[in-house]
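Let me begin by presenting the structure, written as structure tokens, before commenting on it.
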Ligand SMILES: [Fe+2]
């Protein structure tokens, strides 16, 4: 017999539904209510060091169609690889929270946000993790928020040594976590499309 | 026999068999939006045990009062006034202080203040339908609001969502990020709702 787990049950997740903007990004629902403004619109604050980048992408469903009512949250370290949290020793720049909320365009499903490229972060057992941004995805039709990680194409060496990427048994699936780098009008843009289902289904993590 | 608690700063693994399944054919939208491959189990790293932190300067004191936070002067929303309150606890029943709790809901007629909601229930000019607050040192939070109305939704014929409030909770690490829904004891619509049935929430009568 396996042992009983003697701790409280987590409150079950429920879908965020189609109208989560009301609570999490009211401007997108069509009204302004909060002052201070809705949270998560500025990930880095004004003082963050590091390379300024833009991340953008599309979430697609099992038919290959854009999911136009997604909300993503991003959680990342600063350029020095430090999270703004007491469990992580080190200092971040004043105003750096490292967390943002991103919503899709209702017509196209495209989403994007500006940030700084995070640094590598120490993982378990002294193994360095390649620079990455943690993403959490909720929408109508998603019953439990989905966790994934965005890694950077130009960090090939660090990615190859990343202990989390290497947990993924199927090598061909690892590329679903790599954002593609390009430049547009002098700005560095990383493209990160997320496939909820189907060929090239994105790797999601049970954390 | 008890299981050893996780190491300092780490979380118990989320019990995915307790949460609603990603795919549920009675929830049509989940069919094309549910990943088909297994999630990759990940041991907590600093990326999961840390998460965004908020302070009282991120909010205004009245943000948790939905009776007044969108109402015109001298006016207030229509509906039964209620207080929604509770505590955020971790799995060892310890309070989670200073964590952000956000809610959103339909008004008393079952209509959301959202540009994509076209239900014939009337918009209430004095009700925004969202609130946010931080838990106190005992993990306690409260909101004042009106009881939301039930509303029909396009799924199977005559499917109605029981009255509910959407609730978003952070906890102390990104691994704990959760969105759920709060229902009202005794609501006869609960047992007919596919979203309720697809969850594993024990009902008060334990059906
Ligand atoms: Fe709802």
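Protein chains in written order, with the working numbering: chain A, 3 to 209; chain B, -15 to 191.
The C-beta atom is built at its ideal place from N, Cα and C for all residues, glycine as well.
Just to check my reading of the structure: residue i and residue j have Cβ atoms closer than 8 Å, yes? What is that Cβ distance to the nearest angstrom?
i, j, result
"residue 69/A", "residue 150/A", "At roughly 14 Å, the Cβ-Cβ gap does not stay under 8 Å, so residue 69/A and residue 150/A are not in contact."
"residue 80/A", "residue 120/A", "7 Å"
"residue 198/A", "residue 62/A", "7 Å"
"residue 132/B", "residue 92/B", "7 Å"
"residue 165/B", "residue 153/B", "No, residue 165/B and residue 153/B are not in contact; Cβ-Cβ is about 12 Å, not under 8 Å."
"residue 112/B", "residue 129/B", "Actually they are not in contact, since the Cβ atoms of residue 112/B and residue 129/B sit about 10 Å apart, beyond 8 Å."
"residue 180/A", "residue 155/A", "5 Å"
"residue 74/A", "residue 104/A", "4 Å"
"residue 203/A", "residue 5/B", "Not a contact, Cβ separation roughly 16 Å."
"residue 85/B", "residue 119/B", "6 Å"
"residue 50/B", "residue 127/B", "6 Å"
"residue 1/A", "residue 182/A", "The structure shown has nothing for residue 1/A, since chain A only spans 3 to 209."
"residue 114/A", "residue 56/A", "6 Å"
"residue 117/B", "residue 48/B", "4 Å"
Would you list the one or two residues that DSSP bridges to residue i?
i, result
"residue 79/B", "73/B"
"residue 192/A", "57/A and 183/A"
"residue 149/A", "138/A and 207/A"
"residue 116/A", "56/A"
"residue 86/B", "116/B and 152/B"
"residue 76/A", "102/A and 137/A"
"residue 49/B", "128/B"
"residue 130/A", "124/A"
"residue 164/B", "151/B"
"residue 25/B", "208/A"
"residue 62/A", "68/A and 197/A"
"residue 144/B", "136/B"
"residue 66/B", "129/B"
"residue 158/B", "Partner(s): none; residue 158/B has no beta bridge."
"residue 154/A", "181/A"
What in chain A is Cβ-close to residue i, meaning under 7 Å?
i, result
"residue 33/B", "89"
"residue 60/B", "In chain order: nothing, as chain A lies at least about 15 Å away."
"residue 96/B", "21 and 24"
"residue 142/B", "Those do not exist, as residue 142/B stays about 19 Å from chain A at its closest Cβ, beyond 7 Å."
"residue 48/B", "Under the 7 Å cutoff, chain A gives no residues; its nearest Cβ is about 12 Å from residue 48/B."
"residue 77/B", "10"
"residue 13/B", "142 and 143"
Counting only Cβ pairs nearer than 9 Å, list the residues of chain B close to residue i.
i, result
"residue 81/A", "Within 9 Å Cβ-Cβ: nothing; residue 81/A doesn't reach chain B, min ~15 Å."
"residue 208/A", "-3, -2, 0, 22, 23, 24, 25 and 26"
"residue 124/A", "29 and 30"
"residue 75/A", "36, 158 and 161"
"residue 131/A", "29, 30 and 31"
At a CB-CB cut-off below 8 Å, which residues of chain A make contact with residue i?
i, result
"residue 88/B", "21, 22, 24, 25 and 26"
"residue 163/B", "15, 16, 17, 18, 22, 140 and 147"
"residue 131/B", "None at all; the shortest Cβ gap to chain A is about 17 Å."
Just to make sure I have the definition right: I need the residues of chain B whose C-beta is within less than 8 Å of the C-beta of residue i. Which are they?
i, result
"residue 35/A", "53, 54, 112 and 114"
"residue 38/A", "41, 42, 43 and 44"
"residue 63/A", "16 and 17"
"residue 32/A", "97, 98 and 99"
"residue 136/A", "31, 32 and 158"
"residue 198/A", "16, 17, 18 and 19"
Could you tell me whether the Cβ atoms of residue i and residue j are closer together than 9 Å?
i, j, result
"residue 31/B", "residue 144/A", "no"
"residue 34/B", "residue 153/A", "no"
"residue 168/B", "residue 146/B", "yes"
"residue 217/A", "residue 141/A", "Not covered by the structure: residue 217/A. The range shown for chain A is 3 to 209."
"residue 161/B", "residue 138/A", "yes"
"residue 46/A", "residue 106/A", "no"
"residue 10/A", "residue 74/B", "yes"
"residue 59/A", "residue 194/A", "yes"
"residue 3/B", "residue 14/A", "yes"
"residue 20/A", "residue 98/B", "yes"
"residue 79/B", "residue 122/B", "yes"
"residue 23/B", "residue 0/B", "yes"
"residue 160/A", "residue 130/A", "yes"
"residue 72/B", "residue 83/B", "yes"
"residue 60/B", "residue 28/B", "no"
"residue 55/B", "residue 94/B", "no"
"residue 144/B", "residue 22/A", "no"
"residue 32/A", "residue 40/A", "no"
"residue 51/A", "residue 82/A", "yes"
"residue 42/A", "residue 78/A", "no"
"residue 93/A", "residue -7/B", "no"
"residue 16/B", "residue 67/A", "yes"
"residue 41/B", "residue -3/B", "no"
Taking Cβ-Cβ distances shorter than 7 Å, what residues in chain B pair up with residue i?
i, result
"residue 99/A", "36"
"residue 153/A", "In chain order: nothing, as chain B lies at least about 12 Å away."
"residue 192/A", "Near residue 192/A there are no residues of chain B at all, since even the closest Cβ is about 18 Å away, more than 7 Å."
So, is the C-beta of residue i closer than 9 Å to a C-beta in chain D?
i, result
"residue 43/A", "Here the protein chains are A and B, and chain D is not one of them."
Whose Cβ in chain A lies nearer than 9 Å to the Cβ of residue i?
i, result
"residue 4/B", "14, 15, 16, 17, 145 and 146"
"residue -7/B", "89"
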